[in-house]
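Have a look at the structure below before the remarks.
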Amino acid sequence: MNTRDAASPTILIVEDEASLQTLLRYNLEKEGYRVTEAGDGEEALTLVAERKPDLILLDWMLPSLSGIEVCRQLRRKPATRELPIIMLTARGEEGDKIRGLNTGADDYLTKPFSLPELLARVRALLRRAQPVQQKGVITWGDIAMDLAAHRVTRAERPIHLGPTEFRLLQFFIQHPGTVFSREELLDAVWGPDIYVEPRTVDVHIRRLRKALNCDTESDIIRTVRAAGYSLDAESAA
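Take the sequence shown: its letter number 189 is residue 599 in our numbering, and every next letter is one higher.
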């Protein structure tokens, strides 16, 4: 059993089913995490405002305010725009998964799920959310990425990206013109030890495009049918 201390990541469980809340708390604390709990969406927003956690496990179906709306509200605020969120839900249809990811969730688990898989996803998402250790600024065309400050601009206009979109853009800029399949992007950006469906890549690519292409018609990401995605080599000209 790991020993918790002040430096241990804090995970907020937002779940109205008491038995599942208890099970999640027990297993997360056993892994060394600090845990806080909320039984509905309103309480979750209050707790986040008081003390921002390092990651949220967010149930979709909640009393007073749905998990989808909680996620949407958190993504609107600069202080919580990049807060890692894993959506937990009994809704297993692909359309529901896409909706959850489009709202801003970083990952999605359908109930019932295995605890080892949940813990693996928590570890991987926390690792990806850590501050970028590289320093310096990399550029591509009119895009500049400050790796130390985790800031992106396009034509000197600030671009707000979540941690996954930031890593995607950094990977593309560091490998311009190369076409990567969804599986290759998953391994490079998400990591080989996390269970994420290839379709998840499409959702994050759309979010990255939406952020980058605001107020401009120049799309630097090229979709290669039946192959994957690449950074358009002509866009930097």
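Glycine included, every Cβ here is placed at the ideal spot set by N, Cα and C. Please read these numbers as outputs of a predicted model, since none were measured by experiment.
Residue i classed as buried or exposed, judged by whether at least 16 other C-beta atoms fall within 10 angstroms
{"i": "T549", "result": "exposed"}
{"i": "A636", "result": "exposed"}
{"i": "D629", "result": "exposed"}
{"i": "C624", "result": "exposed"}
{"i": "A565", "result": "exposed"}
{"i": "V634", "result": "exposed"}
{"i": "A559", "result": "exposed"}
{"i": "D642", "result": "buried"}
{"i": "N412", "result": "Note that N412 scores 46 on pLDDT, short of 50, meaning its location in the model is unreliable; the coordinates nonetheless yield the value given after this. Exposed, because fewer than 16 other Cβ atoms sit within 10 Å of the Cβ of N412."}
{"i": "R461", "result": "exposed"}
{"i": "R537", "result": "exposed"}
{"i": "G514", "result": "buried"}
{"i": "R531", "result": "buried"}
C-beta contact flag for residue i and residue j at 8 Å
{"i": "L578", "j": "V599", "result": "yes"}
{"i": "L571", "j": "L618", "result": "yes"}
{"i": "L657", "j": "I421", "result": "Coverage of the chain is limited to positions 411 through 647, which leaves residue 657 absent and any answer about it impossible."}
{"i": "G638", "j": "E575", "result": "no"}
{"i": "E427", "j": "G451", "result": "no"}
{"i": "L535", "j": "I496", "result": "yes"}
{"i": "L493", "j": "N437", "result": "no"}
{"i": "D469", "j": "L498", "result": "yes"}
{"i": "Q431", "j": "E453", "result": "no"}
{"i": "V606", "j": "L622", "result": "no"}
Cβ-Cβ separation, residue j to residue i (assumed contact under 8 Å), whole Å
{"i": "L434", "j": "E441", "result": "About 11 Å; that fails the 8 Å criterion."}
{"i": "R592", "j": "V611", "result": "4 Å"}
{"i": "V458", "j": "I423", "result": "Rounded, the Cβ-Cβ distance is 12 Å, inconsistent with contact."}
{"i": "P675", "j": "A539", "result": "Absent from the structure is residue 675, since the part of the chain shown begins at 411 and ends at 647."}
Would you call the stretch 505–525 and the stretch 584–593 in contact, with 3 or more CB pairs under 8 Å? No contact exists between the stretch 505–525 and the stretch 584–593.
Do three or more CB pairs link the stretch 519–534 to the stretch 481–489 at distances below 8 Å? No, the stretch 519–534 does not touch the stretch 481–489.
Any chance you could list the alpha helix (DSSP H) runs of at least 4 consecutive residues sitting entirely within the stretch 446–532, in chain order? The DSSP assignment places complete alpha helix (DSSP H) segments of no fewer than 4 residues inside the stretch 446–532 at 451–460, 477–486 and 504–513, in order along the chain.
Of all the alpha helix (DSSP H) runs that stay within the bounds of the stretch 555–618, which reach a length of 4 or more residues? For the stretch 555–618, whole alpha helix (DSSP H) runs of length 4 or above, ordered along the chain, are 573–584 and 592–595.
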